[in-house]
Amino acid sequence: MANIRQLDKRRKSVKNIRKITRTMELIATARFKKAMDRAAAATDYTKRITQIVQDLAKSGTDVSHPLLVARSEIKSIDMLVLTANRGLCGGYNGNLVKAATVRRNEIKQQAANGQLSVSGKKGISALRFAGMPIEHTFTEFDDQPAYDAVARIADSLIERYITGKVDRVDVVYTKFLSSSKQIATVETLLPFSSLEMPSADSSKAVSGSQGIRDDYEFLPSAGAILEEVVPASFRARLFKCFLDAAVSEQIARMVAMKGATENAGDLIKSLSRTYNRARQSKITGEIMEIIGGVEALG
Amino acid sequence: MADKQVRCVVVTPEKTALEASCDSLTLPLYDGEFGILPGRAPMVGRLGFGLLKMRNGTSTTDWFVDGGFVQVTRDGVFVLTDRLLKPDQIDKKQAEEDLAKAMTIKTNSQETHALKERTLTQARAKMRLAK
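Protein chains in written order, with the working numbering: chain G, 1 to 298; chain E, 299 to 429.
Rendered as structure tokens:
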């Protein structure tokens with residue numbers, strides 16, 4: 001008797017859980033679309049920056065900047081870890097923390113100094129639990145990271161790099177490869193290397209919309225423009241990391257919640273079967289009792 | 299032949315903030331105002347902080363641009379800036395605070411000096427335009 005009631009209770013609670021996980025899946029889907037749109041909108045800027053760099057290179061400018069120079073002796077390495085503020089997103093945070101811990105141990109052998117900055121409550125608590133000293137923590141980045149806040153972090157990193165306080169900056173984040181593949185990666189952001197430079201003798205001399213080469217006038221000078229382009233490009237790069245992380249988080253949550261909803265469905269099915277069987281056997285038992293009583297009377 | 303209008307596209311790291319055509323365009327270049335008319339020869343310039351003015355007939359639209367670059371191509375004028383704000387969106391109080399803070403920065407190297415100068419001009423330009 002009690003067994004039947006327990007089964008029914010359990011089935012009801014699983015149904016409630018399924019409702020919740022389904023809603024969370026829908027929310028994650030909506031947020032994923034929004035985050036994806038933002039990430040797509042941000043590519044315009046990167047494209048234009050790349051265009052300017054290419055035009056600079058074509059004009060024969062010698063591309064050099066303090067941020068592009070790798071230091072021969074590395075004494076201090078900063079690390080920035082981008083995790084989520086919330087859980088229930090499968091292995092998303094776990095993978096990041098694992099990657100960060102591995103890299104952190106490597107760094108310790110190479111360089112004595114360096115700051116660890118973490119974004120996202122989950123990463124902060126996990127890494128703090130692992131006994132790592134965390135210098136800066138950020139919790140304001142959710143599914144729509146603001147450029148202003150990212151630019152502030154980028155500027156402080158640039159300042160530390162140029163003034164020689166740090167010789168390398170690594171960032172740990174989940175890279176968005178496609179909507180079905182995201183991987184936790186560690187990338188070295190500074191010295192900055194992702195300026196896409198066309199090789200000097202490439203046949204790109206004839207480009208532009210009408211196939212005519214534009215001879216640009218540079219104000220104040222190509223060198224001065226480059227001096228500004230490199231930090232801007234770095235900020236855009238770091239912003240892209242944050243956007244990637246936001247999109248990946250929503251996908252991870254979507255997948256995790258989809259799995260949870262499916263599992264709840266399976267559980268409900270098997271609970272219903274056991275419940276029905278128990279109920280049927282109870283009814284059968286009662287009928288047997290009644291029949292037994294009737295026979296005894298007759 | 300050259301178009302009668304200038305196509306102006308403003309791109310920020312977050313999105314394409316503005317895409318419009320106008321008769322003429324005034325930009326804050328690093329050393330002063332810079333006007334662009336249709337058919338301008340290709341150029342790349344560094345922007346300062348200040349007023350971006352788009353003129354269409356007799357009406358003008360004002361925007362605040364926060365540094366960056368401008369690239370003039372035969373397809374149009376591309377402005378790359380960190381922020382594009384309407385003058386009434388500028389937080390004057392914040393700008394005043396930034397200015398006061400920048401004043402106290404101690405400069406002991408070329409880099410910190412450049413940083414200080416940059417913050418000062420940015421805050422001043424904001425305060426000039428804020429309503």
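By construction, the Cβ of each residue, glycine as well, lies at the ideal position given by its N, Cα and C atoms. This one's a predicted model, so the numbers in the text were calculated from it and none came from an experiment.
- Using a Cβ-Cβ cut-off of 8 Å, Val-304 of chain E does not count as an interface residue toward chain G, since no Cβ of chain G sits closer than that to its own.
- Contact between Thr-417 of chain E and Asp-396 of chain E holds, since their C-beta atoms are separated by about 6 Å, short of 8 Å.
- Short of 6 Å from the beta carbon of Ile-183 of chain G, and not among the five residues preceding or following it, lie these beta carbons of its own chain, in chain order: Lys-175.
- For Ala-339 of chain E, a Cβ of chain G is located within less than 8 Å of the residue's own Cβ.
- The beta carbon of Val-377 of chain E sits closer than 6 Å to those of Val-308 and Val-368, all from its chain and outside the five residues before and after it, given in chain order.
- In the DSSP secondary-structure assignment, Thr-371 of chain E is bridged to E:Gly-374.
- Under the Cβ distance rule, Asp-380 of chain E counts among the residues neighbouring chain G, one pair being separated by less than 8 Å.
- Beta-bridge partners of Thr-359 of chain E (DSSP): E:Met-352.
- Taking 7 Å as the upper bound on Cβ-Cβ separation, chain E lies near residues Tyr-147 of the segment 135-148 of chain G.
- In chain order, Ala-222, Gly-223 and Leu-226 place their CB closer than 7 Å to the CB of Thr-61 of chain G, counting only its own chain and leaving out the 5 sequence neighbours on each side.
- At a C-beta separation below 9 Å, Gln-369 of chain E has these neighbours in chain G: Arg-48, Gln-51, Ile-52, Asp-55 and Tyr-216.
- When secondary structure is reduced to three states using DSSP, Leu-88 of chain G falls in the coil class, being assigned neither helix nor strand.
- In this model, Ile-52 of chain G and Val-342 of chain E are separated by some 8 Å (Cα to Cα).
- DSSP assignment within the segment 92-161 of chain G yields the following whole alpha helix (DSSP H) runs of 4 residues or more, N-terminal first: 92-110 and 121-129.
- Rounded to the nearest angstrom, the Cβ distance from Gly-90 of chain G to Ala-256 of chain G is 4 Å, consistent with a contact under 8 Å.
- Using a CB distance cut-off of 8 Å, Lys-313 of chain E counts as an interface residue toward chain G.
- For Glu-409 of chain E, the neighbours in chain G by C-beta distance under 9 Å run, in chain order, Pro-66, Glu-159, Ile-162 and Thr-163.
- In this structure, the beta-carbon distance from Glu-249 of chain G to Ala-126 of chain G does not fall below 8 Å.
- Note on geometry: alpha-carbon atoms of Asn-3 of chain G and Lys-313 of chain E lie some 59 Å from one another.
- Annotation: Asp-62 of chain G has no Cβ neighbours in chain E at a cutoff of 8 Å; minimum Cβ distance is about 16 Å.
- Take Thr-21 of chain G, set aside five residues on each side of it, and the residues of its chain with a beta-carbon closer than 8 Å to its own are Met-257, Ala-260, Thr-261 and Ala-264, in chain order.
- Burial check for Pro-326 of chain E: the Cβ neighbour count within 10 Å reaches 16 or more, so the residue is buried.
- By the neighbour-count definition (other C-beta atoms within 10 Å, threshold 16), Phe-129 of chain G is an exposed residue.
- Leu-327 of chain E has a beta carbon lying within less than 8 Å of a beta carbon in chain G.
- Per DSSP, Pro-231 of chain G is one residue of the alpha helix (DSSP H) stretching across 222-297.
- The continuous beta strand (DSSP E) containing Ala-184 of chain G extends over residues 181-190.
- When C-beta atoms of the segment 315-325 of chain E are compared with those of the segment 343-352 of chain E, three or more pairs fall below 8 Å, so the two segments count as touching.
- When DSSP states are grouped into helix, strand and coil, Leu-418 of chain E belongs to the helix group.
- Cβ-Cβ separation between Glu-25 of chain G and Met-254 of chain G: approximately 6 Å, consistent with a contact (criterion under 8 Å).
- Against chain E, the beta carbon of Asp-78 of chain G has no neighbour under 9 Å; the closest one sits roughly 17 Å away.
- At least one CB atom of chain E sits nearer than 8 Å to the CB of Ile-225 of chain G.
- With contacts defined as CB atoms closer than 8 Å, Ala-154 of chain G and Leu-238 of chain G qualify as a contacting pair.
- In this structure, E:Gln-420 is the residue among E:Val-304, E:Gln-303 and E:Gln-420 with its C-alpha nearest to the C-alpha of Val-363 of chain E.
- The bridge partners DSSP lists for Gly-330 of chain E are E:Leu-327.
- In the DSSP annotation of this structure, Ala-318 of chain E is not part of any alpha helix (DSSP H); the continuous beta strand (DSSP E) holding it starts and ends at 314-320.
- Straight-line measurement puts the Cα of Val-14 of chain G at about 16 Å from the Cα of Asn-276 of chain G.
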